[in-house]
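Number of protein chains: 2
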Amino acid sequence: METIRNHTAVNVLSALAQEHRLAIFRLLVQAGRSGLPAGQIAKQLDMPASSLSFHLSHLKNGGVVSDERDGRSIIYRADFQAMNRLMAFLLENCCAGDDCLPADAAETCMEGQDA
Amino acid sequence: METIRNHTAVNVLSALAQEHRLAIFRLLVQAGRSGLPAGQIAKQLDMPASSLSFHLSHLKNGGVVSDERDGRSIIYRADFQAMNRLMAFLLENCCAGDDCLPADAAETCMEGQDA
DNA sequence: TTTATAATTCGATAATACTGGAAATATGGA
DNA sequence: TCCATATTTCCAGTATTATCGAATTATAAA
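Protein chains in written order, with numbering that gives the first Met the number 0: chain D, 0 to 114; chain C, 0 to 114.
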């Protein structure tokens with residue numbers, strides 16, 4: 000049983016499966032490697048700090064964003080590798096293994112970001 | 000405001016963001032173009048018909064599976080294009096448009112499936 | 001038509017997730 | 001030290017989602 004990986008993928012997916020969180024993630028994707036401090040995100044998406052924090056922790060839990068403290072602020076960044084891994088898992092053993100290879104997008108994007 | 004597309008993507012994501020539904024989807028990915036009748040899925044994943052039906056309707060609603068009646072059975076198939084569209088949306092305008100192109104995986108896989 | 005099979009809808013219950021103000025925690029500057 | 005800023009945690013109320021047996025609908029075969 001590969002329930003572990005299945006469970007992991009569900010975490011990634013449900014991290015993104017919410018209006019606010021998807022908006023946050025996409026904002027971070029667009030911000031690129033420099034990321035954005037939580038306050039900026041709250042301002043740009045016009046949401047209360049506590050709600051934002053709730054969603055950020057979900058995204059972090061799902062592994063689709065990373066955080067790093069910088070002074071009083073905490074900088075959030077999208078993790079592009081997570082997208083790769085997700086796609087690979089979703090399309091794993093696709094078409095019963097008739098090597099119809101997919102799933103290595105996002106590779107070029109921000110490569111070496113978290114090296 | 001592109002809330003429409005954001006909303007659509009949330010539908011796709013939450014369709015997959017559940018243990019059972021993810022398992023169903025992956026089973027269908029592996030089954031390939033021939034798909035599987037609901038009964039087969041229920042048997043292979045050992046779940047009650049009504050629960051399965053509930054989840055299948057979510058997957059259908061999210062556009063990640065299609066259904067087609069064949070006699071008494073209803074055949075379900077994974078929609079690979081949906082994965083493409085999702086990735087494209089997630090990584091849209093990635094890194095502020097520094098053309099770090101991603102997101103066209105799954106293209107080769109089962110191409111022409113729903114043509 | 002009657003009977004059997006395949007799947008869905010209904011409905012009540014249980015579980016999980018979302019929201020946002022108020023309080024708590026960190027950090028940096030005066 | 002004391003104050004301001006940035007963010008998170010706590011909490012409660014509300015809302016959404018999952019579960020599955022029983023009833024229903026659709027199809028096919030006897």
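Ideal Cβ placement from N, Cα and C applies to all residues, glycine included.
Listed by position along chain C, the residues whose Cβ is nearer than 8 angstroms to that of E67 of chain D form an empty set, because the closest Cβ is around 18 angstroms away.
Within the region 15–31 of chain C, the residues whose Cβ lies closer than 8 angstroms to some Cβ of chain D are L15, A16, Q17, E18, L21, A22, F24, R25, V28, Q29, A30 and G31, listed in chain order. Residue-level contact by beta carbon holds for A95 of chain C and chain D, with a gap shorter than 8 angstroms. Contact of V9 of chain D with chain C by beta-carbon distance below 7 angstroms involves A16, Q17, E18 and L21.
By the rule that beta-carbons nearer than 8 angstroms mark a contact, S13 of chain D touches chain C. Residue contact with chain D for L35 of chain C: absent (no Cβ-Cβ distance below 8 angstroms to any residue of chain D). For H57 of chain D, the nearest beta carbon of chain C is not closer than 8 angstroms to its own beta carbon. Contact annotation, A14 of chain C with N83 of chain C: C-beta distance approximately 15 angstroms; criterion of less than 8 angstroms not satisfied. H57 of chain D and T7 of chain C have their alpha carbons spaced roughly 20 angstroms apart. The C-alpha of Q43 of chain D lies about 23 angstroms from the C-alpha of N10 of chain C. Taken through DSSP and simplified to helix, strand or coil, V64 of chain D comes out as strand. If you look at A95 of chain C, you'll find it isn't in any beta strand (DSSP E); DSSP assigns it neither H nor E. Annotated as proximal: A77 of chain D and V63 of chain D, with beta-carbon spacing under 8 angstroms. Three or more beta-carbon pairs separated by less than 8 angstroms are not found between the region 30–41 of chain D and the region 16–27 of chain C, which leaves the two stretches without contact.
Shown here, R76 of chain D sits in a strand according to DSSP, grouped into three states. When C-alpha distances from L90 of chain C are compared across D:N92, D:M86 and D:E91, the shortest belongs to D:M86. Under DSSP, L35 of chain D forms a beta bridge with D:Y75. The beta carbon of V28 of chain C sits closer than 6 angstroms to those of A77, all from its chain and outside the five residues before and after it, given in chain order.
Linking S52 of chain C to E18 of chain D through their CA atoms gives a straight-line distance of about 25 angstroms.
For L90 of chain D, there is no enclosing alpha helix (DSSP H), as DSSP marks it with neither H nor E.
For H54 of chain D, no Cβ of chain C is located within less than 8 angstroms of the residue's own Cβ.
L12 of chain D is a Cβ neighbour of A16 of chain C, given a cutoff of 8 angstroms. By the beta-carbon neighbour count (other beta carbons within 10 angstroms, threshold 16), G70 of chain D is exposed. Per DSSP, the continuous alpha helix (DSSP H) segment holding A30 of chain C begins and ends at E18 to A30.
Nearest Cα to D45 of chain C within the set C:R20, C:G31 and C:S65: C:R20.
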